[in-house]
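Take a look at the structure set out below.
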Amino acid sequence: QVQLVESGGGLVQAGGSLRLSCAASGSSFSIRIMGWYRQAPGHQRELVARVYNGGSTNYADSVKGRFTISRDNAKNTVYLQMTSLKPEDTAVYYCNMWPPQHDAWGQGTQVTVSS
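Per the numbering used here, the sequence shown runs over residues 471 to 585.
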């Protein structure tokens, strides 16, 4: 079973940047498709970006060109570099496999973007 711990969130002004990290424990990290998700108050959790085991990536239209997902298989870690942040990016950010495993959701990390 994979355990995931997110970190790196915080309060930032619009236009600023943050880098989120997700440390994974357990086996087979390198072959898993990993994703970053977010959930804003009153909204459903949504997929923001995913990275395949070969390094190719996909992004939600709302973050394309501003966010970059990457992974370091040697460190069992996946990252989300967020730039040009907007108030609508405010949410709790989670990592998980794709498709997500129900029992792998962690606590997430709060990102708040002030206008």
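Heads up, the beta-carbon is just placed ideally off N, CA and C, and yes, glycines get one too.
Exposure of residue i, with buried meaning 16 or more beta-carbon neighbours within 10 Å
i, result
"I539", "buried"
"E516", "exposed"
"A484", "exposed"
"E558", "exposed"
"G535", "exposed"
"G578", "buried"
Spatial distance of residue i from residue j (CA atoms)
i, j, result
"S584", "D531", "21 Å"
"Q473", "T527", "22 Å"
"S554", "S498", "33 Å"
"L490", "Q471", "22 Å"
"N523", "I501", "5 Å"
"S477", "G512", "23 Å"
"K556", "V482", "9 Å"
"C565", "W575", "7 Å"
"Q514", "A561", "11 Å"
"M552", "V475", "18 Å"
"G525", "D573", "25 Å"
"G533", "A510", "In the sequence as displayed, the identity of residue 533 is Val instead of Gly. Near 14 Å, if we compare the C-alpha coordinates of A510 and V533."
Proximity test, residue i beta-carbon vs the ligand GDP heavy atom, cut-off 7 Å
i, result
"D542", "The model depicted lacks the ligand GDP and carries no ligand whatsoever."
Whether residue i touches residue j by CB criterion (8 Å)
i, j, result
"L550", "Y529", "no"
"V581", "G486", "no"
"V521", "R541", "yes"
query: Quick one: any contact between the stretch 534 to 549 and the stretch 493 to 509, if contact means 3 or more CB pairs under 8 Å?
result: yes
- request: Evaluate contact between the stretch 505 to 524 and the stretch 561 to 580, counting only Cβ atoms and requiring at least three cross-stretch pairs below 8 Å.
  value: yes
field: Residue ranges of each beta strand (DSSP E) within the stretch 501 to 526, 3 or longer
entry: 504 to 509 and 516 to 521
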